[in-house]
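Numbering of the sequence shown is given in numbering that gives the first Met the number 0, commencing with residue 0 and proceeding in unit increments.
The beta-carbon is built from N, C-alpha and C at its ideal position, and this holds for glycine as well.
Since this is a predicted model, take the numbers as computed values, not measurements.
To start, the structure under review is shown below, and the notes come after it.
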Amino acid sequence: MDMVDIESIFTKANVLLWYAKRKSVKANKGEAMSKRFIYTILAFCVTFSLAEAKEYSVSQIYDQMCSHCHGKNAEGNPEKKGPALNKMSKSELAYALFDLKANGSQSSGSQNEVMEHNQKKIEAKGMTYHPDDMALYIYTTFNKDAKVEESADGKPYSVSEIYKRMCSKCHGVDGSGNPKKKGPAINNMSKNELEMTLYDLQSEGFQSSGSEHEVMVHNQSKIEEKGMKYHPEDMATYIYFNFNQKAKK
0 MDMVDIESIF
10 TKANVLLWYA
20 KRKSVKANKG
30 EAMSKRFIYT
40 ILAFCVTFSL
50 AEAKEYSVSQ
60 IYDQMCSHCH
70 GKNAEGNPEK
80 KGPALNKMSK
90 SELAYALFDL
100 KANGSQSSGS
110 QNEVMEHNQK
120 KIEAKGMTYH
130 PDDMALYIYT
140 TFNKDAKVEE
150 SADGKPYSVS
160 EIYKRMCSKC
170 HGVDGSGNPK
180 KKGPAINNMS
190 KNELEMTLYD
200 LQSEGFQSSG
210 SEHEVMVHNQ
220 SKIEEKGMKY
230 HPEDMATYIY
240 FNFNQKAKK
């Protein structure tokens with residue numbers, strides 16, 4: 000298990016353990032000890048389950064696996080004969096990925112066999128993804144000419160699109176905050192801090208309280224109502240690497 004896995008599991012464990020403590024405090028005196036024990040055991044059980052069946056974001060899968068052959072910025076890797084992906088359209092990427100997950104039924108040749116082998120290695124690590132999601136991530140993150148259009152048929156929005164349309168209103172276009180709307184700066188937060196905050200928001204904010212946090216939970220609900228769903232890891236990665244000056248790329 001690598002460092003990214005451990006950090007992500009630790010983040011989720013923190014959320015669960017805070018929840019256990021919160022619930023135990025609210026319990027009656029006679030039930031406090033038993034409830035604390037039950038919630039703590041539950042938290043640890045779920046944590047270990049996460050270690051065995053981790054939910055990877057598409058950005059994690061790309062960074063940990065795909066980038067070895069296609070480059071950190073999808074610029075390609077001649078040494079490994081990995082073609083560039085940063086000039087492909089979203090449709091081209093989606094088609095190639097659907098074909099790959101279908102064991103290359105539409106393609107042939109030694110290069111495609113290597114890709115099929117790599118895809119099996121990715122799946123063996125429990126790194127599952129939907130081709131549309133990965134195509135959207137690669138296209139919007141690495142293609143400089145990317146144009147993300149609003150979809151009315153329930154297709155996923157990119158995290159950059161969600162941030163620009165929704166989050167930036169309170170946190171600023173560059174994550175520097177918006178005093179008028181009491182939106183705090185988020186361009187100085189670590190990736191783990193961002194991820195933990197976003198997990199908390201998507202869990203209806205059970206770790207936090209206060210009027211400001213209630214506004215954030217309300218805004219998160221509005222984002223989801225618009226069909227703008229995202230993985231906390233993907234959004235945290237986007238914010239951290241695009242707005243934090245100290246981010247190590």
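Asked                                                                                                                                                                                             : Found
My guess is that His-67 and Lys-79 are in contact by the Cβ rule of under 8 Å, so how many angstroms apart are they, rounded?                                                                     : 7 Å
Please list the terminal residues of the continuous alpha helix (DSSP H) segment that includes Met-272.                                                                                           : What is shown of the chain runs 0 to 248, which leaves residue 272 out entirely.
Does Thr-127 pass the burial test, meaning 16 or more other C-beta atoms within 10 Å, or should it be called exposed?                                                                             : exposed
Taking Cys-169 as part of the alpha helix (DSSP H), name the residues at either end of that continuous run.                                                                                       : 167-170
For Asn-111, which of helix, strand or coil comes out of DSSP?                                                                                                                                    : helix
Kindly indicate which three-state DSSP category Asn-241 falls into: helix, strand or coil?                                                                                                        : helix
So, is Gly-174 buried or exposed, given that buried needs 16 or more other C-beta atoms within 10 angstroms?                                                                                      : buried
Whether or not the region 187-200 and the region 130-141 are in contact is what I'm after, with contact meaning three or more pairs of Cβ atoms, one per stretch, closer than 8 Å; do they touch? : no
Say whether the region 159-175 touches the region 215-226, bearing in mind that this needs 3 or more beta-carbon pairs closer than 8 Å, one atom from each stretch.                               : yes
Three-state secondary structure (DSSP) at Asn-117?                                                                                                                                                : helix
Here's the rule: buried if 16 or more other CB atoms are within 10 angstroms of the residue's CB, otherwise exposed. What is Ser-58?                                                              : buried
With 16 other CB atoms within 10 Å as the buried threshold, where does Val-158 fall?                                                                                                              : buried
Going by alpha carbons, who is nearest to Ser-90 out of Tyr-136, Ser-189, Lys-120?                                                                                                                : Tyr-136
According to DSSP, what are the bridge partners of Asn-177?                                                                                                                                       : Gly-182
Which of the three DSSP states is assigned to Asn-218 in this structure?                                                                                                                          : helix
For a quick check, are the C-beta atoms of Met-227 and Ile-161 less than 8 Å apart?                                                                                                               : yes
Please report how far the alpha carbon of Ile-185 lies from the alpha carbon of Glu-115, in whole angstroms.                                                                                      : 40 Å
State the Cα-Cα distance for the pair Ala-101 and Glu-74, rounded to the nearest angstrom.                                                                                                        : 25 Å
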